[in-house]
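Worksheet: one structure, shown below.
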Amino acid sequence: MIVSSIPQFTDTKVSLALFEQVRNAEEIRSNMSELSTSFAFIDPKLICSEEQMYSAIYKTLIEVKYNKMRTRNLNSECVLCLSPTSNISDAFQKFGIKDDSSQLICLKFHTGTDSVDKGELNTILSSIVKGLEIEFNNDNLSRFYDEALIRKIYKLSDDFKPQDVNSLSRALVDAIQLRGV
165 MIVSSIPQFT DTKVSLALFE QVRNAEEIRS NMSELSTSFA FIDPKLICSE EQMYSAIYKT
225 LIEVKYNKMR TRNLNSECVL CLSPTSNISD AFQKFGIKDD SSQLICLKFH TGTDSVDKGE
285 LNTILSSIVK GLEIEFNNDN LSRFYDEALI RKIYKLSDDF KPQDVNSLSR ALVDAIQLRG
345 V
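Below you can see the structure in the form of structure tokens.
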């Protein structure tokens, strides 16, 4: 698990964890109403880089700062910010985990006086997710992302042929930041 902050938003920290070999995605989804205020569970098939994830986190914090949040909490707002559309249910359907997901990203925002105890967070997550936590980094994300699915969801034209994952990531970051402008 990594805990980071965005320089412009020093009062907010973000925890990100990446899991593989997840055996209980269906159980997590069925308990989502209880967990949604604490965590966001994201399908890494649509996340090609850390940059893409941090772009959505940054967009979430901008939405909060300017009172433009459209969901009930920061975690769900971040899922919406990943989406190329403004449809909340569509964002959860596409970017949330599925019953058969075997990998997932877990995201949690810590605001204000929330203290961040990585040990406690790891304990909580290990009680929720039955899987193997691996480092949240570009190398591991590149093992899971599905370029064809990303192209479909983000409606990338066939003419767009990224030379590498960095070019793809840049296009997705642009889409995230420009949506709604």
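Numbers given in our numbering equal positions in the sequence shown, counted from 1, plus 164.
No residue lacks a Cβ here, since even glycine has one placed at the ideal position from N, Cα and C.
1. Of the residues F324, N330, F308, D323, which one's Cα is nearest the Cα of R185?
2. Return helix, strand or coil for V280, following the three-state DSSP convention.
3. What's the C-alpha gap between C270 and D303?
4. What's the C-alpha gap between D281 and Q216?
5. So is E241 buried or exposed if we call it buried at 16+ other beta carbons inside 10 Å?
6. Does the Cβ of T176 have 16 or more other Cβ atoms within 10 Å, making it buried, or fewer, making it exposed?
7. Specify the secondary structure class of E297 as computed by DSSP and reduced to three states.
8. For a quick check, are the C-beta atoms of F259 and I166 less than 8 Å apart?
9. Measuring only the C-alpha atoms, how far is T277 from I314?
10. Under 6 Å Cβ to Cβ from N231, same chain only, skipping five residues before and after it: list those, please.
11. Cutting at 8 Å between CB atoms, please list the residues of its own chain near A255, excluding the five before and the five after it.
12. Where does L320 fall in DSSP's three states?
13. What three-state label does DSSP hand F203 in the structure shown?
14. Could you check the C-alpha separation between R343 and Q267 for me, to the nearest Å?
15. In chain order, what residues of the same chain have a beta carbon less than 6 Å from the beta carbon of E297, not counting five sequence neighbours either side?
16. Name the two residues that bound the continuous beta strand (DSSP E) containing T176.
Looking at the atomic coordinates:
1. Before going further, note that residue 185 is Gln rather than Arg in the sequence given. Nearest C-alpha to Q185: F308.
2. Taken through DSSP and simplified to helix, strand or coil, V280 comes out as coil.
3. 17 Å
4. 25 Å
5. buried
6. buried
7. strand
8. no
9. Between T277 and I314, the C-alpha separation is close to 36 Å.
10. none
11. Closer than 8 Å at the Cβ level, and outside the excluded window around A255, lie V243, L244, L246, S247, T249.
12. coil
13. When DSSP states are grouped into helix, strand and coil, F203 belongs to the coil group.
14. 27 Å
15. A181, F183
16. 173-184
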